[in-house]
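Residues in the sequence shown are numbered consecutively from 15, following our numbering.
Yeah, the Cβ is synthetic: ideal placement off N, Cα and C, and Gly gets one too.
Here the structure is a predicted model, which means the values were calculated and not measured.
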Amino acid sequence: MRKASVVVGAQFGDEGKGKIVDVMAGGMDLIVRYQGGANAGHTIVADGVTYKLHLIPTGVVRGKRSLIGAGVVLDPAALAQELEGLAAGGKEITPAGLGIDFRTHVVLPWHAAIDVARQANKAIGTTGRGIGPAYEDAVARTGITFSDFVQASVLRERLAVIADGKQKQLQLLGGHGPDAAQVEAEFLELAARLAPFACDVSHELSVAMASGKAVLFEGAQGTHLDRNFGTYPFVTSSSTTSGGACVGAGVPPSAIGEVHGIAKAYTTRVGSGPFPTELMDATGERICEKGREYGTTTGRKRRVGWLDVPMLRRSHELNGFTHIHLTKLDVLEGLPELKIAVGYRLADGTQTDLLPATVKEMDSATPQFISVPGFEEIGEAGWKLVAQEGIAKGFAALPEKARQYVEKVEKLVGVRIASASIGPERESIIWAGK
Ligand code: GDP
Ligand code: IMO
Ligand code: MG
């Protein structure tokens with residue numbers, strides 16, 4: 015059996031997973047999403063075209079077979095819209111290019127309305143895509159699976175059972191839900207369109223890996239948004255760590271070989287929750303603007319801060335990284351000084367090099383920084399040249415202080431940095447040691 019590779023976000027999401035998956039997808043046969051839903055926004059810039067994918071795995075950009083596993087929550091209207099967008103850009107996705115597991119749960123319009131109406135969700139700053147409410151129904155065994163969805167009579171039956179309760183739930187929250195007859199009509203139409211994509215992803219993967227095919231799992235969100243191990247309750251509702259690939263796609267742990275953690279050269283977070291290294295000053299503003307740190311899904315401004323090494327080490331504990339890919343290094347150009355959090359001082363005065371385990375501790379802890387020299391501004395054209403030189407020279411092509419920054423991070427985190435990314439395009443990447 016050929017082992018699969020997993021790509022996971024090492025921070026709070028938006029680390030550049032889409033870009034790295036696209037780069038790696040060149041050597042893959044199957045690309046698989048296994049958790050999350052249309053809350054994700056993965057940006058790929060290839061051959062001058064920018065793709066923003068939410069539900070469809072990044073493999074479609076290279077025409078690789080892409081699969082949506084049972085652990086995803088799938089909004090059929092969002093999927094149809096995404097398919098239409100790709101078709102309009104000349105990428106027609108057929109059932110040969112995309113498969114959806116029969117067991118994948120469907121996000122209903124009421125789920126999104128409940129997500130938006132709930133005060134608690136507003137406080138968390140969710141994406142409003144109905145992710146939490148859809149996973150609640152899946153766990154409560156009251157949800158609609160993709161298999162139910164594509165059989166008209168079952169869909170009608172399931173909607174008839176569910177609609178009334180959802181409307182009442184929404185009324186209690188002071189929200190408004192869509193009309194049940196309207197949902198049924200819309201869903202029957204969507205189901206007819208999407209039915210050809212239904213398949214058994216878990217079985218297909220088993221057969222593919224046994225025959226030596228290369229499989230890449232594309233994580234969404236990030237490690238510190240994990241429902242169990244993130245900054246609860248400021249998390250998403252799925253398992254975002256590498257283990258999530260097994261339970262979400264239906265493959266055994268022994269099927270996983272490489273685990274690629276994606277980390278920005280700094281940190282960002284969208285929505286609420288602890289962020290100890292957050293910058294609330296002009297430097298933060300500068301990084302935000304230069305890095306175009308606005309959400310791919312909601313357009314919200316991302317919070318920005320320095321790189322947090324204890325956070326990355328904790329990610330490594332949870333995911334077992336075999337490689338780290340450091341992205342957006344170019345965004346830090348021109349800053350006179352860069353800071354890296356290497357430990358924490360807790361409320362009682364004790365020092366630790368561990369990430370505080372609870373939100374309460376994290377809120378009251380003070381990050382301890384080291385300062386490293388910044389690197390010069392070389393501009394977009396300069397970074398393109400560095401990328402070209404990097405093909406022969408590896409990290410040695412980087413400006414001296416930028417290389418030192420990468421090496422420092424590698425040493426502090428204790429995981430090999432396999433690549434440094436220096437622009438949004440597919441080619442803007444340097445591999446270590448080449
Ligand atoms: P994902 O959710 O992890 O796939 O990340 P997003 O796509 O939400 O956000 C990452 C953003 O950074 C996207 O706009 C990418 O095009 C962009 N990006 C990725 N890598 C780099 C890089 O190395 N440098 C720059 N400047 N932008 C990058
Ligand atoms: P990608 O895959 C960054 C955040 C939301 C909110 C919390 C819960 O592009 O990295 P949810 O709607 O999931 O219930 O919201 O999680 N969040 C993300 N932040 N990138 C994402 O995805 C995210 N998906 C959800 O902002 O704080
Ligand atoms: Mg994103």
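Practice task
Alpha carbon to alpha carbon, how far is HIS119 from VAL153? Give it in angstroms, no decimals.
Solution key: Taking the Cα positions, VAL153 is about 10 Å away from HIS119.
Exercise for the section: Would you check if the region 324-335 and the region 392-410 touch, i.e. whether three or more CB-CB distances between them fall below 8 Å? Expected result: Contact between the region 392-410 and the region 324-335 is absent, because fewer than three Cβ pairs lie under 8 Å.
Handout entry: Inter-residue spacing [alpha-carbon to alpha-carbon] between LYS33 and ASP178
Key = Rounded to whole angstroms, LYS33 to ASP178 spans 42 Å at the Cα level.
Problem - Simplified DSSP state of GLN235, which is helix, strand or coil - result: DSSP places GLN235 outside both helix and strand once states are collapsed to three, so it counts as coil.
Practice task
With a threshold of 8 Å, establish whether the CB of THR140 neighbours any heavy atom of ligand 3.
Solution key: False, no ligand heavy atom lies under 8 Å from that Cβ.
Practice task
Report yes if the CB atom of GLY27 is closer than 9 Å to the CB atom of GLN49, and no otherwise.
Solution key: Against a cut-off of 9 Å, the Cβ pair of GLN49 and GLY27 comes out as no contact.
Practice task
Report the three-state DSSP secondary structure of HIS274 (helix, strand or coil).
Solution key: HIS274 falls in the strand class under three-state DSSP.
Exercise for the section: Take GLU424 and list the residues in its own chain whose beta-carbon comes closer than 7 Å to its own, dropping the five residues that flank it on each side. Expected result: Excluding residues within five positions, the ones whose Cβ falls inside 7 Å are ARG430 and ILE431.
Problem - MET223 versus VAL164: straight-line alpha-carbon distance, rounded - result: Pairing MET223 with VAL164, the inter-Cα distance amounts to about 28 Å.
Exercise for the section: Would you check if the region 239-253 and the region 199-209 touch, i.e. whether three or more CB-CB distances between them fall below 8 Å? Expected result: Contact between the region 199-209 and the region 239-253 is absent, because fewer than three Cβ pairs lie under 8 Å.
Practice task
With THR281 as the anchor, note down where its beta strand (DSSP E) starts and where it stops.
Solution key: Unbroken beta strand (DSSP E) run through THR281: 281-283.
Practice task
Starting from HIS337, follow the beta strand (DSSP E) in both directions and report where the run begins and ends.
Solution key: Element bounds for HIS337: 337-341.
Exercise for the section: Pick out whichever of LEU321, GLU394, ALA277 and PRO290 has its Cα sitting closest to the Cα of ALA434. Expected result: Proximity to ALA434 across LEU321, GLU394, ALA277 and PRO290 peaks at ALA277, based on C-alpha coordinates.
Handout entry: Best match in PRO90, GLU421 and VAL427 for proximity to ASP322 [C-alpha to C-alpha]
Key = The shortest Cα separation from ASP322 among PRO90, GLU421 and VAL427 belongs to VAL427.
Exercise for the section: With a threshold of 8 Å, establish whether the CB of HIS238 neighbours any heavy atom of ligand 3. Expected result: Answer for HIS238: no, Cβ out of range of ligand 3.
Practice task
Return yes when the Cβ of LEU332 is within less than 9 Å of the Cβ of VAL265, no when it is not.
Solution key: VAL265 places its beta carbon 9 Å or farther from that of LEU332.
Practice task
Check whether the region 345-353 touches the region 377-390, taking contact to mean three or more Cβ pairs, one atom from each stretch, closer than 8 Å.
Solution key: Look at the beta carbons and you see the region 345-353 touching the region 377-390: at least three pairs across the two are nearer than 8 Å.
Handout entry: Residue span of the beta strand (DSSP E) that contains GLU351, given as start and end
Key = Boundaries of the beta strand (DSSP E) around GLU351: 351-359.
Handout entry: Residues near ARG283 by beta carbon distance below 7 Å, same chain, minus five either side
Key = Excluding the 5 residues flanking it on each side, ARG283 has same chain C-beta neighbours closer than 7 Å at PHE26, PHE289, ARG316 and ARG317, in chain order.
Handout entry: Under the three-state DSSP convention, the category PHE211 falls into
Key = Of the three classes helix, strand and coil, the one that applies to PHE211 here is helix, per DSSP.
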